[in-house]
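Engineer: Using the numbering used here, the first residue of the sequence shown is number 51, and each one after it goes up by one.
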Amino acid sequence: MSWFVYIVRLNQEIQESLDLISINLVLKDQEKLKLMENDFREITEVIKKVMGDDIKIKYNIVNEIKYPPSGKYMYTFSKIKNEGKIETK
């Protein structure tokens, strides 16, 4: 991931569903996007090792990542609702 830190200004990972992760990227320099192809492959490989080979990863190049009303920047979050009960002992 050699170029990633030099090209990406902001990033955000969202678990959209059990089998889909969206990665939003705000780039410092859009012209260097081609340099990141190996980084995308490496990131995808690491995510699949953790979450399984069936996971789909969607990369989105965006102009901005909006902050929630709280003003706290969320690097990672899930849209999956926990509909089951968690048992504690």
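Ideal Cβ placement from N, Cα and C applies to all residues, glycine included.
Only a predicted model underlies this, so the values are computations on that prediction, with no experimental measurement involved.
Taking DSSP as the reference, what is the three-state secondary structure of Ile3?
Structural biologist: An answer regarding residue 3 cannot be provided, because it is not within the stretch 51 to 139 covered by the chain.
Engineer: Tell me whether Glu63 sits in a helix, a strand or coil according to DSSP, three-state version.
Structural biologist: Under the three-state reduction of DSSP, Glu63 is assigned to strand.
Engineer: Would you check if the distance between the CB atom of Leu77 and the CB atom of Val58 is smaller than 8 Å?
Structural biologist: yes
Engineer: Quick one, are the C-beta atoms of Leu68 and Ile111 less than 8 Å apart?
Structural biologist: no
Engineer: Please identify the residue among Val55, Tyr109, Leu85, Asp103 whose C-alpha is closest to the C-alpha of Ile64.
Structural biologist: Tyr109
Engineer: Out of curiosity, what's the CA-to-CA distance linking Asp89 and Tyr56?
Structural biologist: 12 Å
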